[in-house]
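Here the working numbering = 1-based position in the sequence shown + 494.
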Amino acid sequence: MLKINIIACLQDNYSYVIHDTETDIVGVVDPSEFNPIDNFIKKKFNKIDFILNTHHHFDHTGGNLELKKKYNSKIIGSAEDEKRIPGIDIKLLNNDDFKFGNVDFSIILVPGHTSGHVCFYSKKEKIIFTGDTLFSLGCGRVFEGTYLQMLDSLSRIKKLPPDTNIYCGHEYTKNNLDFCRKFDPDNNFLKDKKIWVSSKLNKKEPTIPTTIKEELNTNIFFRCDVFAIKKSLGMENSPEVEIFKKLRDLKDSF
Ligand code: ZN
Ligand code: FE
Numbered sequence: 495m496l497k498i499n500i501i502a503c504l505q506d507n508y509s510y511v512i513h514d515t516e517t518d519i520v521g522v523v524d525p526s527e528f529n530p531i532d533n534f535i536k537k538k539f540n541k542i543d544f545i546l547n548t549h550h551h552f553d554h555t556g557g558n559l560e561l562k563k564k565y566n567s568k569i570i571g572s573a574e575d576e577k578r579i580p581g582i583d584i585k586l587l588n589n590d591d592f593k594f595g596n597v598d599f600s601i602i603l604v605p606g607h608t609s610g611h612v613c614f615y616s617k618k619e620k621i622i623f624t625g626d627t628l629f630s631l632g633c634g635r636v637f638e639g640t641y642l643q644m645l646d647s648l649s650r651i652k653k654l655p656p657d658t659n660i661y662c663g664h665e666y667t668k669n670n671l672d673f674c675r676k677f678d679p680d681n682n683f684l685k686d687k688k689i690w691v692s693s694k695l696n697k698k699e700p701t702i703p704t705t706i707k708e709e710l711n712t713n714i715f716f717r718c719d720v721f722a723i724k725k726s727l728g729m730e731n732s733p734e735v736e737i738f739k740k741l742r743d744l745k746d747s748f
């Protein structure tokens, strides 16, 4: 069984320390920086077998080299990003499997935010690490791909089992919620979510994980094919990708 510890890093990043309790294998997903991870690790496990990177951005790989040096860890990431992920050892392709102790992760290549962005998905554990591709109530900016690629990447995540738990790279939920409410004003799921998000944040607790089911009901970037949203944009007859592009552009300046 996989245990997941959420470690807040930098301004609003989340890194995840993962532990397979059956085999005692320890990993860190997207170590933004050395210190918060090291503080946690040295108290609890005193080792890191694997560092898993969803993509090359500094706020997801900033701790790579120092942690690797101290704990002699193996760094795993997308083969597409082999030149950009510091210290990479194991280079993975779309649909590759990666054995983390007794937990099998499959690699889902999700270009859009960056061209080599990957998600780590475990069917058995019902979890996915989505980095900066899918957030709670939002999605990442399109930096290196096309809007169509990003929409396609999101739609592949969307098809995972609804009870899959989503662990993403940032605490952006509050701002994302305000955006969703603006363009999906009659969505009752968002009203309930607002109460829940406020109570979490008031207690200084993460709003992570979320689930696929929850996102299907609330995340506007999962709902570009819903008529009410097309209507709120005045784009009733536009294809899904145009709706996605419009929303992503609006969100960039929200
Ligand atoms: Zn990023
Ligand atoms: Fe990021």
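Note that beta-carbon positions come from the ideal geometry of N, C-alpha and C, so glycine has one too.
Do residue i and residue j have their C-beta atoms within less than 7 angstroms of each other?
{"i": "C674", "j": "I714", "result": "yes"}
{"i": "N529", "j": "V511", "result": "no"}
{"i": "G557", "j": "I531", "result": "yes"}
{"i": "T548", "j": "G595", "result": "no"}
{"i": "T640", "j": "G634", "result": "no"}
{"i": "V597", "j": "E574", "result": "no"}
{"i": "F779", "j": "L546", "result": "Lying outside 495 to 748, the shown extent of the chain, residue 779 is not represented and no answer is given."}
{"i": "L631", "j": "T667", "result": "yes"}
{"i": "K694", "j": "T712", "result": "no"}
{"i": "H550", "j": "I579", "result": "yes"}
Classify residue i: buried if its beta carbon has 16 or more other beta carbons within 10 angstroms, exposed otherwise.
{"i": "S526", "result": "buried"}
{"i": "F721", "result": "exposed"}
{"i": "E665", "result": "buried"}
{"i": "M644", "result": "buried"}
{"i": "D514", "result": "buried"}
{"i": "E576", "result": "exposed"}
{"i": "S647", "result": "buried"}
{"i": "P703", "result": "buried"}
{"i": "N696", "result": "exposed"}
{"i": "T517", "result": "exposed"}
{"i": "P605", "result": "buried"}
{"i": "S747", "result": "exposed"}
{"i": "E730", "result": "exposed"}
{"i": "K725", "result": "exposed"}
Whole-angstrom Cβ separation of residue i and residue j, contact assumed at under 8 angstroms?
{"i": "F544", "j": "S567", "result": "6 angstroms"}
{"i": "F592", "j": "I570", "result": "6 angstroms"}
{"i": "D706", "j": "T658", "result": "According to the sequence provided, residue 706 is Ile. The question's Asp does not apply to it. Confirmed, about 5 angstroms."}
{"i": "R717", "j": "D678", "result": "7 angstroms"}
{"i": "I601", "j": "D583", "result": "About 15 angstroms separates the two Cβ atoms, so there is no contact after all."}
{"i": "V523", "j": "I542", "result": "At roughly 11 angstroms, the Cβ-Cβ gap does not stay under 8 angstroms, so V523 and I542 are not in contact."}
{"i": "L496", "j": "I621", "result": "7 angstroms"}
{"i": "E734", "j": "D719", "result": "5 angstroms"}
Is residue i near the ligand FE, with its Cβ less than 6 angstroms from a heavy atom?
{"i": "D514", "result": "no"}
{"i": "D553", "result": "yes"}
{"i": "G610", "result": "no"}
{"i": "D626", "result": "yes"}
{"i": "G663", "result": "yes"}
Residues bridged to residue i by DSSP?
{"i": "G571", "result": "K585"}
{"i": "G632", "result": "F629"}
{"i": "K593", "result": "D598"}
{"i": "N711", "result": "Answer is none; N711 lacks a bridge partner."}
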